[in-house]
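Below: one structure, written as structure tokens.
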Amino acid sequence: MAGRTFNWAMTIFVVLALLLSTISIDEHDRELQKNVKKMEQLGGGGSIEDQCSSITFEDLFDYSSAIFYFEISEDWESATVTATAWVNGTSTDDLRTSLDSFLEDLFPSGGDGWISTDEREAVRAVASECIEHALTRIAFREGEAHRGGVGIDWKNTTWQSNGVQIEEWNLIPPNHAEKRDCETFGSSSDCFEIPVSPSNDRDCNTAIDASSGIDECRLELWMNATLMIPDVESGQQYTLAFNSSNVTQAVYEFTFPPTSDLRIDMWEECEGRDVSFEPTTHADAPIRGTCLGDGSSSYTLIENSEGNLIYTLSPVRTMGMWPSGEDIFADFTTMPIPIDEPPIWTENSPPDGSWFPSPNGGDTRWASWNSISEWFTDEGPVSQLDVVCTGDSTLNLRQSMDNSLWAEIPTTDLVEVTCEAVDSAGQNSGNRTWHLGVPFTISTNSQIMSNPHEIIVAKNVGWPTLQIEVGFSQNGEIGVSEATTLDSESITITVASTNMIPGGAQVWVSASGENVFSMNYVYELGIFKESLPPLISVSESGWDGSFYQAQGQFSDPDGESVSFSLAIDGTTAGSISVSGNSWSTPRINFELWESGEHSLLITGCDDSQKCSEVVIDINNTHLFEETIIEPDDKNPDTDTGILPAASFGLTLLSITIGLIYSTRRD
Numbered sequence: 007m008a009g010r011t012f013n014w015a016m017t018i019f020v021v022l023a024l025l026l027s028t029i030s031i032d033e034h035d036r037e038l039q040k041n042v043k044k045m046e047q048l049g050g051g052g053s054i055e056d057q058c059s060s061i062t063f064e065d066l067f068d069y070s071s072a073i074f075y076f077e078i079s080e081d082w083e084s085a086t087v088t089a090t091a092w093v094n095g096t097s098t099d100d101l102r103t104s105l106d107s108f109l110e111d112l113f114p115s116g117g118d119g120w121i122s123t124d125e126r127e128a129v130r131a132v133a134s135e136c137i138e139h140a141l142t143r144i145a146f147r148e149g150e151a152h153r154g155g156v157g158i159d160w161k162n163t164t165w166q167s168n169g170v171q172i173e174e175w176n177l178i179p180p181n182h183a184e185k186r187d188c189e190t191f192g193s194s195s196d197c198f199e200i201p202v203s204p205s206n207d208r209d210c211n212t213a214i215d216a217s218s219g220i221d222e223c224r225l226e227l228w229m230n231a232t233l234m235i236p237d238v239e240s241g242q243q244y245t246l247a248f249n250s251s252n253v254t255q256a257v258y259e260f261t262f263p264p265t266s267d268l269r270i271d272m273w274e275e276c277e278g279r280d281v282s283f284e285p286t287t288h289a290d291a292p293i294r295g296t297c298l299g300d301g302s303s304s305y306t307l308i309e310n311s312e313g314n315l316i317y318t319l320s321p322v323r324t325m326g327m328w329p330s331g332e333d334i335f336a337d338f339t340t341m342p343i344p345i346d347e348p349p350i351w352t353e354n355s356p357p358d359g360s361w362f363p364s365p366n367g368g369d370t371r372w373a374s375w376n377s378i379s380e381w382f383t384d385e386g387p388v389s390q391l392d393v394v395c396t397g398d399s400t401l402n403l404r405q406s407m408d409n410s411l412w413a414e415i416p417t418t419d420l421v422e423v424t425c426e427a428v429d430s431a432g433q434n435s436g437n438r439t440w441h442l443g444v445p446f447t448i449s450t451n452s453q454i455m456s457n458p459h460e461i462i463v464a465k466n467v468g469w470p471t472l473q474i475e476v477g478f479s480q481n482g483e484i485g486v487s488e489a490t491t492l493d494s495e496s497i498t499i500t501v502a503s504t505n506m507i508p509g510g511a512q513v514w515v516s517a518s519g520e521n522v523f524s525m526n527y528v529y530e531l532g533i534f535k536e537s538l539p540p541l542i543s544v545s546e547s548g549w550d551g552s553f554y555q556a557q558g559q560f561s562d563p564d565g566e567s568v569s570f571s572l573a574i575d576g577t578t579a580g581s582i583s584v585s586g587n588s589w590s591t592p593r594i595n596f597e598l599w600e601s602g603e604h605s606l607l608i609t610g611c612d613d614s615q616k617c618s619e620v621v622i623d624i625n626n627t628h629l630f631e632e633t634i635i636e637p638d639d640k641n642p643d644t645d646t647g648i649l650p651a652a653s654f655g656l657t658l659l660s661i662t663i664g665l666i667y668s669t670r671r672d
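Numbering-wise, this note's numbering comes out as the position in the sequence shown, counting from 1, plus 6.
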């Protein structure tokens, strides 16, 4: 009895030990999974650092308005940041919904359409940690003024680690009409929760009468943080860059340490950068002073009684403009204000008497701002110069909103324009006169493409000798081109159409010359390349018993794919196998067809539905011929006309088998 009791005790002990160890391991595993999910709670996978390193404060908190204060330290190594953001109207519903979804893998109640007082601390913690890794939008670079570019660190400021604190007011309104006790197991005793989106009457505070017009669901956010600034020592000359993409209704106030004679030398809105991707080289950065802005963003600059310069920036770049972004550059310096001199023509500007070719007549942009911005230099931004051009009234000369130059270009005649740059003080660069017009016409004698194909170039009267290059173009890709000199009235150029695919093709022409602005244009002459059918050959065919098989090679002159079909006597019969440039039929058992002549048709069609056929004539009568056994007449003396019993039996068996086989075929 004692031994049995001991055995039961040991059994219970072992079971309890196993249960305890299982629970411990399971709870530990759940905690690990919880930690992993916590690092992925913003969506998209990866840690909070991975997910937050490419977003901004505005991506996390879609506020209605905000103000940010930056107080730069005396040593220029950091800035103390305080911010307040207000969220109003239905934007509060969106924010609460987003925060609830962030908590889905942190709390059992996360993602349930309700947000609780227990979840509030997690919201603050997660938001603070996320902002630590988020983009600051701000860049300080000491030294020569810049607009980005190769080797320039754009995003060189960061938030101090463990230095961001997010607080809120009214995230969980205590007097919400729809609040309820928390229903999740393990909730604190005083926990209550509210729906992320209130009912239609939006009664988020029962203590306030609805007639007051107060937004009861509004909330406020506060941020205290430290911005780390690298590589700025004296603050005597630097560029403060700010990426204002998707920012509106926000104010950024920067207070700098007292610095004698500190001023803004140049301030620019640079619009149009594609912010949907991060370039690898930044080689397309704008030239300082050439940026174009719509004037929606603005700034003020004042000095307080303590000698601090305060730079207040009010950017406006709405979400609807994305992915077209905006970067704002402020060049600070202590250098004296330069003497206002007239604008000057640069080495890159077109000399007097230059030629501006246009591919066609009519309303034409004959000079883009990218080109014009390199023609002048001035103390202020080149974009603020007026480029004034005069000419015949029929030209309708004008400068568009993007500062490009436009005119009504005649189809054949040459015209002259005279241009100069004028600054805000009325000082000018001096004028230059240029020629505008269409240098030549392009034509062809045939719209059906040949190889090579003739293109006729006829030079218009008055134009100097031109170096031209002509080639065919399809889908934006230029094929083989031919270069020549256009120094006579008309020339014919034979252009190779190699690698052109069936379909329409355009004619690409490049033209240049001495003091002639280069021109590249794609002309539509209605040229069409017809498709050629594929080439199909038979390399081998033959019998293997009652089975017949053929194989060969194929190619398409236009490089198109080729598909095959197989028919016997006009009836589809299986499929053709293709490997590389080889084709082969299946093994065809011609015992299944009647005896006689048959036609094996192999058809190959390319993508343009141009087809070629190969016909193989097949005679299968030999499969149906019978073998007749003749009697042995070699020993007439001993032949009695009666077969021995054994031979007779074998012969009878052979005849019987033959008859059966012949009958089956018939």
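C-beta atoms are modelled at their ideal positions from N, C-alpha and C, and glycine is treated no differently.
- In terms of Cβ geometry, Thr86 and Phe76 form a close pair [threshold 9 Å].
- Cα atoms of Met341 and Ser266: separation of roughly 10 Å, rounded to the nearest angstrom.
- For the pair Phe523 and Thr62, the Cα-to-Cα distance works out to about 44 Å.
- About 7 Å separates the beta carbon of Val393 from that of Leu411, a gap short enough to meet the 8 Å contact definition.
- Taking 9 Å as the cut-off, the beta carbon of Leu541 is found closer than this to the beta carbon of Phe560.
- Judged by DSSP in its simplified three-state form, Met506 adopts coil rather than helix or strand.
- In this structure the region 359-366 does not touch the region 318-338; the number of beta carbon pairs closer than 8 Å is below three.
- In this structure, Gly558 is the residue among Thr339, Asn94 and Gly558 with its C-alpha nearest to the C-alpha of Val620.
- In this structure, Asn626 is the residue among Gly610, Asn626, Asn587 and Phe570 with its C-alpha nearest to the C-alpha of Ile594.
- For Ser487 and Val476, the gap between their C-alpha atoms comes out near 5 Å.
- CA-to-CA, the gap between Pro292 and Ile345 works out to about 25 Å.
- Taken in chain order, the complete beta strand (DSSP E) segments of 3 or more residues contained in the region 574-642 are 583-585, 588-590, 603-612 and 617-625.
- With respect to Leu268, Ser84 sits apart: the two C-beta atoms are not nearer than 9 Å.
- DSSP, reduced to helix, strand and coil, places Leu541 within a strand of the structure shown.
- With contacts defined by Cβ atoms closer than 9 Å, Thr396 and Thr352 do not form a contacting pair.
- Of the residues Asp337, Gly485, Gly468 and Trp273, the one whose Cα lies closest to the Cα of Tyr244 is Asp337.
- Judged by their CB atoms, Ser406 and Trp381 are not nearer to each other than the 9 Å cut-off.
- At least 9 Å separates the beta-carbon of Asn94 from that of Arg186.
- Arg143 is positioned such that its CB atom lies closer than 9 Å to that of Ser250.
- Nearest Cα to Gln433 within the set Ile448, Trp440, Ile350 and Ser399: Ile350.
- For the pair Gln255 and Glu189, the Cα-to-Cα distance works out to about 39 Å.
- Excluding its 5 nearest sequence neighbours in each direction, Thr306 has C-beta neighbours in its own chain below 6 Å: Thr318, listed in chain order.
- Out of Pro357, Trp228 and Ala373, the CA that lies nearest to the CA of Ser435 is found in Pro357.
- Its Cα nearest to that of Glu483, the residue Ala511 stands out among Gly295, Thr212 and Ala511.
- With a threshold of 16 other beta carbon atoms within 10 Å, Pro321 meets it and is buried.
- Excluding five sequence positions before and after Thr261, the CB atoms of its chain that fall closer than 6 Å to its own CB belong to Glu77, Asn314 and Ile316, given in chain order.
- Collapsing the DSSP output to three states places Phe108 in a helix.
- By the neighbour-count criterion, in which 16 or more other beta carbons inside 10 Å mark a residue as buried, Asn409 falls on the buried side.
- Here Glu173 is exposed, its C-beta having fewer than 16 other C-beta atoms within 10 Å.
- In the structure shown, Gln171 falls within a strand segment according to DSSP collapsed to helix, strand and coil.
- Closest by C-alpha distance to Glu259, out of Asn168, Gln166 and Glu309, is Glu309.
- Inter-residue distance for Asp221 and Ser115 is about 27 Å (C-alpha atoms, whole angstroms).
- In the assembly as shown, Gln57 is a buried residue. Its beta-carbon has 16 or more other beta-carbons within 10 Å.
- With a threshold of 16 other beta carbon atoms within 10 Å, Ile235 meets it and is buried.
- Between the region 514-529 and the region 577-597, the count of Cβ pairs shorter than 8 Å is below three; the stretches do not touch.
- Sequence-distant Cβ neighbours of Thr163 in its own chain, meaning closer than 7 Å and more than five residues away, are Thr142, Ile144, Ala145, Phe146, Leu233, Met234 and Ile235.
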